[in-house]
Amino acid sequence: MRSRVGSKGRITLPQRVREVLEVKPGDEVEFVIRGGQVFLRPRQEVPLENLFGRLKVKVAYPGEVAEREARAQAWVQGLRGHPSS
1 MRSRVGSKGR ITLPQRVREV LEVKPGDEVE FVIRGGQVFL RPRQEVPLEN
51 LFGRLKVKVA YPGEVAEREA RAQAWVQGLR GHPSS
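Quick look at the structure:
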């Protein structure tokens, strides 16, 4: 199958490709480049629950969050001209 690139860099997906990918007007697609080849696939939303356990998060030491909040509050009060309590 072929498609022509327009003056604005746009292409029209042939009907058969849209059917195979099950994409409709307004759907998003992704272009994946691997080994000099380009693959097209429908973009799928990833539920947030699927990301838990996959993200590397720096674990704060006990009290770090409270210290940051206290410093931020003192800074804001200093901007307002109020003494920190």
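Here the sequence shown is numbered in full-length UniProt numbering, starting from 1 and rising by one per residue.
Note that beta-carbon positions come from the ideal geometry of N, C-alpha and C, so glycine has one too.
- V5 sits in coil when the DSSP states are folded into three classes, being neither helix nor strand.
- Of all alpha-carbon atoms in A72, L40, E69 and Q44, the one lying nearest the alpha-carbon of V17 is that of L40.
- If one requires a minimum length of 3 residues, the beta strand (DSSP E) runs lying completely within the UniProt domain "SpoVT-AbrB" (1 to 45) are 29 to 34 and 37 to 42, in chain order.
- Within the model, the alpha-carbon separation for R68 versus W75 is close to 11 Å.
- With contacts defined by Cβ atoms closer than 9 Å, V29 and P14 do not form a contacting pair.
- With respect to the 9 Å criterion, V5 and I11 are classified as neighbours on the basis of their beta carbons.
- Judged by DSSP in its simplified three-state form, G78 adopts helix.
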